[in-house]
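A short worksheet on the structure shown next.
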Amino acid sequence: QQQVKQSPQSLIVQKGGISIINCAYENTAFDYFPWYQQFPGKGPALLIAIRPDVSEKKEGRFTISFNKSAKQFSLHIMDSQPGDSATYFCAASKPGAQKLVFGQGTRLTINP
Amino acid sequence: NAGVTQTPKFRILKIGQSMTLQCAQDMNHNYMYWYRQDPGMGLKLIYYSVGAGITDKGEVPNGYNVSRSTTEDFPLRLELAAPSQTSVYFCASSSQDRYSGNTIYFGEGSWLTVV
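Line by line, the protein sequences give chains A and B.
Residue numbers for the first sequence follow the numbering used here, so the first one is 126 and each next one is one higher.
Residue numbers for the second sequence follow the numbering used here, so the first one is 50 and each next one is one higher.
Given below as structure tokens:
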């Protein structure tokens with residue numbers, strides 16, 4: 126009930142392509158779904174987040190798509206650039222919760 | 050602009066030794082966390098604190114201890130280090146916003162090797 130399952134574990138995309146990372150959750154009480162980006166040697170940092178009252182949120186080249194009925198959400202990176210190469214984590218939390226539940230992470234490599 | 054500061058950045062311990070990872074935040078956040086990150090395993094919560102004097106276990110607390118005597122500091126103590134504790138440790142803090150959710154700010158990590 127507390128898990129967030131993320132796929133794929135690793136992903137290689139050509140420069141200019143679309144990167145897609147998927148997450149699925151079981152607990153319908155989750156109401157906050159952030160994505161974190163982590164560069165090598167650094168801590169994760171918030172990239173973009175969504176609440177289930179909307180099906181999509183876009184910030185620049187990054188878009189979260191949310192499917193409440195399927196209990197899935199995904200991160201789309203348009204026009205992927207080598208500088209986007211990083212590890213991406215999805216996460217979820219319940220209302221008022223002090224903790225986030227993280228997915229296992231996806232190592233994204235953008236080839237020039 | 051310090052945010053969350055962790056020390057040391059790198060440390061090698063021998064089996065059975067003890068050490069403390071230091072963490073400080075200057076954002077006046079109530080919530081603080083310790084995570085460990087192992088390759089392909091994501092972020093696992095070790096301990097967390099909702100305020101000074103209050104701590105609670107996360108998913109993987111065995112072999113660790115914490116204390117929270119001030120809002121700013123949240124040290125993680127490793128007692129009797131074991132090779133299984135070789136990992137990257139991240140301290141984090143957050144201040145829950147009812148509109149934007151629980152945004153967690155991470156430190157840069159502490160690389161620990163137990164030999």
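Each residue gets a CB set at the ideal place from its N, CA and C atoms; glycine is no exception.
Asked, Found
"Among K219/A, W160/A, K193/A, P237/A, which one has its Cα closest to the Cα of L172/A?", "W160/A"
"Taking beta-carbon pairs under 8 Å, can you tell me which members of the region 133-144 of chain A lie near chain B?", "Q134"
"Starting from S156/A, follow its DSSP beta bridges and name the residues at the other end.", "It is worth fixing the name first, because residue 156/A is Asp in this sequence and not Ser. According to DSSP, D156/A bridges with nothing at all."
"Can you list, in chain order, the residues of its chain with a C-beta nearer than 6 Å to that of K182/A? Leave out the 5 residues immediately preceding and following it.", "I175, I189"
"Cβ of G112/B within 9 Å of Cβ of L127/B?", "yes"
"Using a Cβ-Cβ distance under 9 Å, would I153/B count as near chain A?", "yes"
"Please confirm whether G230/A has its beta-carbon closer than 9 Å to some beta-carbon of chain B.", "yes"
"According to the Cβ coordinates, are Q131/A and G228/A closer than 9 Å?", "yes"
"Could you name the residues of the region 212-237 of chain A whose beta carbon sits closer than 7 Å to any beta carbon of chain B, in the order they occur along the chain?", "F214, S218, A222, Q223, K224, L225, F227, G228, Q229, G230"
"Is the beta carbon of P132/B closer than 9 Å to that of L70/B?", "no"
"Taking 8 Å as the cut-off, does the CB of T119/B come closer than this to any heavy atom belonging to the ligand SAH?", "Absence of the ligand SAH is noted for the structure shown, with no ligands found whatsoever."
"Using the Cα positions of V109/B and Y96/B, report the straight-line distance between them to the nearest angstrom.", "8 Å"
"In chain A, which residues lie less than 9 Å from G102/B when you measure between Cβ atoms?", "Those do not exist, as G102/B stays about 15 Å from chain A at its closest Cβ, beyond 9 Å."
"Nearest-angstrom Cα distance between T234/A and G102/B?", "43 Å"
"Using a C-beta cutoff of 9 Å, does A141/B count as contacting chain A?", "yes"
"Report yes or no: is there a C-beta of chain A within less than 9 Å of the C-beta of Y82/B?", "yes"
"Of all the CB atoms in chain B, is at least one closer than 9 Å to the CB of D185/A?", "According to the sequence provided, residue 185/A is Gly. The question's Asp does not apply to it. Taking Cβ atoms only, chain B never reaches closer than 9 Å to G185/A, which makes this a no."
"S159/B and Y80/B - do their beta-carbons sit closer together than 9 Å?", "no"
"G158/B versus chain A: which residues are under 9 Å apart at the beta carbon?", "G166, K167, G168"
"In three-state terms, what does DSSP make of Q134/B?", "helix"
"From the DSSP output, which residues share a beta bridge with T212/A?", "Q163/A, R232/A"
"Determine the closest residue to T54/B out of V163/B, V164/B, Y138/B, T162/B, with distance taken between C-alpha atoms.", "Y138/B"
"When the Cα of T56/B is compared with those of E157/B, K93/B, Q86/B, which residue comes out closest?", "E157/B"
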